[in-house]
Structures are given as C-alpha cells and as structure tokens.
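Taking this note's numbering, the leading residue of the sequence shown gets 633, the next gets one more, and so forth. Beta carbons: idealized from backbone N, C-alpha and C, even for Gly. Read the structure below first, then the notes.
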Amino acid sequence: MAGNLVIVESAAKVNTISKFLGKTYKVEASIGHVRDLPKSQLGVDVENDYEPKYITIRGKGDLLQKLRKDAKNATCIYLATDPDREGEAISWHLYYALRLEGKTVKRITFNEITQDAVKNAIKNPRDINLDLVNSQQARRVLDRLVGYKISPILWKKLRKGLSAGRVQSVTLRLICDREKEIREFIEEEYWSIDALFRLGKVKSFEAKLDKIDGQKAKIQNSEQALNIIEECSKNNYTVIECKENERIKNTVLPFTTSTLQQEASKHLGFSTQKTMNIAQQLYEGVKVRKNTLGIVSYIRTDSIRISESARLMAKEYIQKNYGEEYLAKEVGKKTKTVKTQDAHEAIRPTHIELTPMELKEYLSKDQYRLYNLIWNRFTASQMSNAKFDSYSIKIKNSIYIFKATYSIQKFDGYLKVYNMDEKKGVIKPINVKEGEILELLNITPNQHFTQAPARFSEATIIKALEENGVGRPSTYAPTITTLLSRSYVTKEAKILYPTDLGEIVNKIMVNYFNEIVNVEFTAQLENVLDEIADGNVEWKEIIKAFYPNFNKTVQKAETEIENIDITEVTEVKCDLCGTNMVVKYGKYGKFLGCPNFPDCYGTKPWFQEIGINCPVCSTGQVILKKTKKGRIYYGCSEEACDFMSWQKPTGEKCPNCSDVLIEKGSSKNKKTVCRNSQCNYGKESIT
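Quick look at the structure:
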C-alpha cells in the first residue's frame, strides 16, 4: 500500500502526477467539489450568524468512501487541488468530508504539471490557508443569497427557469445598456478631404486636411468641403515641416485568463467556454511521445508575473534562436491597473523548447492553435520592443494644413513571433524638403457619418468586466454561458444581443435591485473579497453588512412588482386547435406555442420580419430564419414562396436580370449587388 495519498481535482492529472512521484505515492481525484450548499434550500442560516450549511454533493458518496479508506491507510495526505481560492476551499471541504482530523495533512500547490513543479511542491507543503477559504465562502454565500432570493421573484412574476446573480446580472446590464445606446444614437454627418501629391518624379503620396486656420479641421457638410477645395485651387501647396522620429512599440504582456479569452476570440474565433476547455486540456496534460505532460501553466489567473526560472528559460531560448538583440532589456515594467490576486503566474508554456511545430503532431487542431497563441505570446513578452522610423510631413495652402504620416519598421523585435495586428510600414516620399512646392494630382472630399458604439462580443464584454473590476478569471466563461442558456442574450456572428426576455429581466433588476447590478458596487465587493483573502476582514462581516438592506429590498420587490405578462399574441393559427398562437421563450430562443398548453401541444418556429416585402412573390414578408445548425438566412413568410438568400435582400430587383438585389461587404464597405452569380451588376469591385 502506498505510504502517501495525493488528492487532486481532475482525474486527467492522476496518471501524469503518479509517474512523477513513483510507487510510494498514491494519486486520486476528487472530481471537483465534494461538498456544497444544498440546491433545494437557501443553505444559509440568516438567523444564526449566516452559518452556511454544507452537504455532500449527490453522487459523491462512493467516491468519498473510497478516499476515506485510502486516507485511513496513508501516513500523510497531500491535498493538491487547484492553486486558487476555489481550489483552497475544495481542500478545506475534503479535510472535513474525509474526516482527516488527527491525520497528517498537508496542502500543496503547483502552477504547472511538470515533474520539477510537482516534486518541489511535495518538498514545500503548507497548511490550508483559511483566509483564502473564507474569501471563497463569502463569495459563495453572497452569490447564494442574491440568486436564491431574487430568482423566485422572477419565477413568480415572469416564468420558471429564470435566474439572477451578482456578476451575471451586471454583465446583462452592460449588454442591455449598450443596446440602448445604439438605439438612441443619432448619427452626424462629417467630411474629410484627401489630397494626392507629387514632387518631380517622386512617387505620389497621400495627405489629409488636418487644420484650418490653426484649428482642427471640422467639416460638417458637402458645401463646406467643396468651398475648401475651391479655395485650395488658388494657392500653391508648400512643404512647411518634415519630421523624422523613432517610434517604439512596446512588447506585449503574457496572457492572463481574460486576455487569453479575448485574443482567442479575436484571432481564433473561439468562444470563452471553448478556450477554457482547451486550455484546461493543455494544463492537465497531453500525450507527447510516451509521456503525458502539462504543456501550459495554470490557466485561471489575473497575474502577469513570471517566475524567475521561466524568465531564465525564455532568455536562453531567445538568445539561442533569435540573437542577443531580441532579448528584452527590461521585462515586466508594465503592470495592470486593476488589483490582481497575483496568486500565481501568467499563462505560459511549461517548456519553451517544446515549440508549437514540435508538438503539432501530438495535438488536435484546436489544441495546436491555442498552444501556438500562448507560446507566441509568452515568448514575445520576453523579447525586445519593436522600432519604427516615423515621418510626418505638413503641407500648407493658405490657411489649410495637410498632414501625411508614414512609418517603416527598422527592427521587428517581439513582432518576429507575435505580429497579430501590426500593419506593414509605408516607405516615405524621397527628397521632400521644407519649402518645396508640391504638385497636386488629385483632391477628394469624403463623406462620413459618426458610428454608434459597437455591440459587445464575448471578447469585449470580458474586457469591460475586467476593466471595471467585476468578477474574476474563473467567472467570465460560466457567466456568458449562463446568459446564453437562460436566453437573456443571443449570439450571432460572435456579437451578443439582448433578447426581449433579457431586457425585461434587466429592467426589473435595475428598477428594484439597482445596487446588485451597479458596476461600482460589484467591483467594491470584489475588493472586499480580496481583503478577506489577505486576512484583513472577517468574512461574515461582509454578509452582515450586505444582507439586512438587501432582504428589505427583496420584500419590497415581492409586493410592488406586478405580474408581467410577456405573452405576445400573433395572427398565426395553431394547426391542431385553430387558436391564435403566442410567442414563447425556450432554450433556443423564441418559438410559437399554443396558449392552450398542456391541452394542446401545437408549436411552430418563430420568425422575425425585417420590414421588407419579398422581392420574389411581393405578397410575403422577408423574415430571418435559421438552419438546423443555427446559421441565419433570409426567406419568405409565405410557405408557397421559395425565396432564400444568405445575404440580406434590399427589397428591389436587379435592373439587368430582374433577380434579387442583396447587400454584400462589411458595414464599412457595404455594396448592393445581384444575387445571380452569372450577373455582373454591382460586382465590379467585389472580391
């Protein structure tokens, strides 16, 4: 029988860690949490000092019995759950669930699943950190009180299955507030003027009108733009300033959980949940040759700190593979402004010499893409800054100043491995000097309209939550998943839209629980939880300060909120009983249901009209539809009409072939073209 018992959270770690520690250690998994608050009741005794009532999670009985038997025969039990507050709390729950009082129990943590890290953790055990445990208890109890007190009100006033939560409700509010901004936004017209110049045989270059009579150019309509162009035709264009400077582009920081989720969404198209699932696989271990190895460090972190050993590892690799000039002179000077827990390191590869290409054959396609992103980002974070030569040219015509700016990269630095957004520099015009007269080749007025703020994507909502100090690394992915599963939010082409149901729930929360959905209040709570973790605040004090006023608000809401009828009657008849069907909300969004349910089970898909008559039959309305896989397309509301288009129709017909005209291109470069692939109408510049 093994003399020592090591308990980890995930079964995926067991075999890997067993090989590191040898036969004198037995490694078992708790498979996550073993105790929690009961689902069937509040589980917090508000009359008895807010004492939480923990019970064994259903289905964990046999596992705990086995672990108790293993613990009874072990000389030392090492609790090796994840290195964060939640992991600390799981170790604490294991201590009591396994009845380890009187046994030799040690807490160990490791930031990466490598032989050196695991063996070093065994050599440096500690006791369970009760401050971290209490911080997690405070979070769990606060979330339980908010969720279990507000959710029943939503069930009673709206319908069953709805929920509210501290971070969830704030996130919903941010999305709804942004949608309100977009609806209320009134666009404003403005113009810019571009000029194309040349001096002698020098290659032509562009410049923009920058200032008018010393003030920033502000052109509000076409009349003003044309007047400026006419005035500029009366005078010469004289170069009045040529400047050359060096521009430094600072290297990137290594990934935290939120920046990894943002970049994976932006560059790989991954959802937050997908990113975390794949990152967890890379952390727990993948089979490389004959061994299973964790190839990235712990993936739930808001720290940008890098261990000295990892820094030295990166230094040696960069010097060997790129040269001394690519090694950062000063690393880690930039810091995050939001307070971080800094419990462990930033996300990084555990072995920098295991490059993405070396591991490609051992990884799935998505594992490779994410590992490549993490490896490149970490390596770049330890490399030198990129350097550019930037050029600025000012050209004067009477009271008008045109400005041209150009830059060219002279040293790539960290961009050699992490060049995600940088655009290539444009070589400056040659031999353009102050005092010279330029030849105007062309001058163009351009009409623009101010744009409404963009809707949130998963990446940008995470960035907003992090910037506002709402939530922590482990909460972002499950929060977004909950909003989608509750049908409060829908996602189309990576963009998050609040549903009608989401807006109704948000309105209730704002009107009656404004403190809960207040961004500043939620961020302050996170700071208090940090103080508990630091041992500066007793954890029940935060509950005592929060609950009494919150409970009064709940009681007031229960009496004041009227039952809200979200039933929307339509003109569509039920095929089974002939009753007008109503709009209902299901797991996958809206659908049409019979109001006589459960006596009648009639249902139909719900389609959204876009306000355009069908260009084929003219009698039906163009509606949004979805394929079985969820892809959106456009069709006709008339069943007999076979109109279908992947792109949005304009409602008009092609003047060349009489087929349907559709919109193509991005929002910045939208164009009307013919749906018929054989017709060239409007497609001359479409690539």
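Item, Value
"8 Å Cβ cutoff, Cys1232 in contact with chain B", "No chain B appears in the structure shown, which is made up of a single protein chain."
"Status (buried if at least 16 other CB within 10 Å, exposed otherwise) for Leu637", "buried"
"Assumed close pair Ala1165, Leu764 - CB separation to whole angstroms, cut-off 8 Å", "5 Å"
"Three CB pairs or more closer than 8 Å across the stretch 1239-1253 and the stretch 1267-1281", "yes"
"Minimum C-alpha distance to Asp694 - residue among Val666, Trp1238, Ile709, Ser723", "Val666"
"Residues near Pro684 by beta carbon distance below 7 Å, same chain, minus five either side", "Leu669, Gly675, Val676, Gln769, Val773"
"Buried or exposed (CB count within 10 angstroms, at least 16 for buried), Ile687", "exposed"
"Residues of its chain near Tyr1129, where Cβ-Cβ distance is below 6 Å and the 5 sequence neighbours each way are ignored", "Thr1122"
"Nearest-angstrom Cα separation, counted from Ala721 out to Ala794", "The displayed chain sequence assigns Leu, not Ala, to residue 794. Those two C-alpha atoms are separated by around 28 Å."
"Bridge partners - Val1305, DSSP secondary structure assignment", "Ile1294"
"With 16 other Cβ atoms within 10 Å as the buried cut-off, status of Glu876", "exposed"
"Inter-residue Cα distance where the pair is Ser836 and Ile1033", "18 Å"
"Same chain only: Cβ atoms within 7 Å of Gly664, ignoring 5 sequence neighbours per side", "Glu641"
"Closest Cα partner of Arg921 within the set Lys1172, Tyr727, Ser929, Glu993", "Glu993"
"Neighbour-count burial assignment, Met945, 16 or more Cβ in a 10 Å radius", "buried"
"C-beta atoms of Glu873 and Lys1065 nearer than 8 Å", "no"
"Segment limits, alpha helix (DSSP H) that includes Ser1013", "997-1013"
"Pick from Ala911, Lys1172, Ser890, Leu995 that is closest to Lys919, judged by C-alpha positions", "Leu995"
"3 or more residues per run - each beta strand (DSSP E) lying fully within the stretch 791-839", "821-830"
"Enclosing beta strand (DSSP E) for Pro1077 [first to last residue]", "1069-1081"
"8 Å CB neighbourhood of Lys1090 in its chain, flanking five on each side removed", "Position check: residue 1090 holds Glu in this sequence, whereas Lys was assumed. Contacts found: Gln893, Ser897, Ser903, Thr904, Ile1112, Lys1123, Lys1126, Leu1128."
"Ile1127, DSSP secondary structure in three states", "strand"
"Identity of the residues DSSP links to Val640 by a beta bridge", "Ala661"
"Boundaries of the alpha helix (DSSP H) in which Pro1180 is found, first to last residue", "1171-1192"
"Validate contact between the stretch 1077-1088 and the stretch 845-859 using beta carbons, cut 8 Å, 3 pairs", "yes"
"Boundaries (first-last residue) of the alpha helix (DSSP H) holding Gln1240", "Not the alpha helix (DSSP H): Gln1240 falls in the beta strand (DSSP E), residues 1240-1245."
"Minimum length 3: unbroken beta strand (DSSP E) runs contained in the stretch 690-723", "708-711"
"Counted within 10 angstroms of its Cβ, other Cβ atoms place Thr707 as buried (16 or more) or exposed", "exposed"
"Residue environment, Lys886, which counts as buried when at least 16 other CB atoms sit within 10 Å", "Checking the sequence shown, residue 886 turns out to be Pro, not Lys. The residue in question, Pro886, is buried, as its Cβ has 16 or more Cβ neighbours within 10 Å."
"Reduced DSSP category for Cys864 - H, G, I as helix; E, B as strand; rest coil", "helix"
"When Gly779, Tyr657, Ile807, Asp702 are compared against Ile1136, the one with the closest alpha-carbon", "Ile807"
"Asn1212 - partner residues in DSSP beta bridges", "Lys1205"
"Any 3 or more C-beta pairs closer than 8 Å across the stretch 651-662 and the stretch 695-706", "yes"
"Cβ separation of Leu828 and Ile927, assumed to be a contact under 8 Å, to the nearest whole Å", "Not really, about 52 Å apart at Cβ, beyond 8 Å."
"Length of the line joining the Cα atoms of Lys968 and Glu940", "Reliability of the predicted coordinates at Lys968 is poor, the pLDDT of 48 falling under 50, and the value obtained from them is presented with this limitation in mind. Spanning the two alpha carbons is a distance of roughly 19 Å."
"Same chain, Cβ closer than 8 Å to Ile861, neighbours up to 5 away in sequence not counted", "Ile825, Ile1075, Pro1077"
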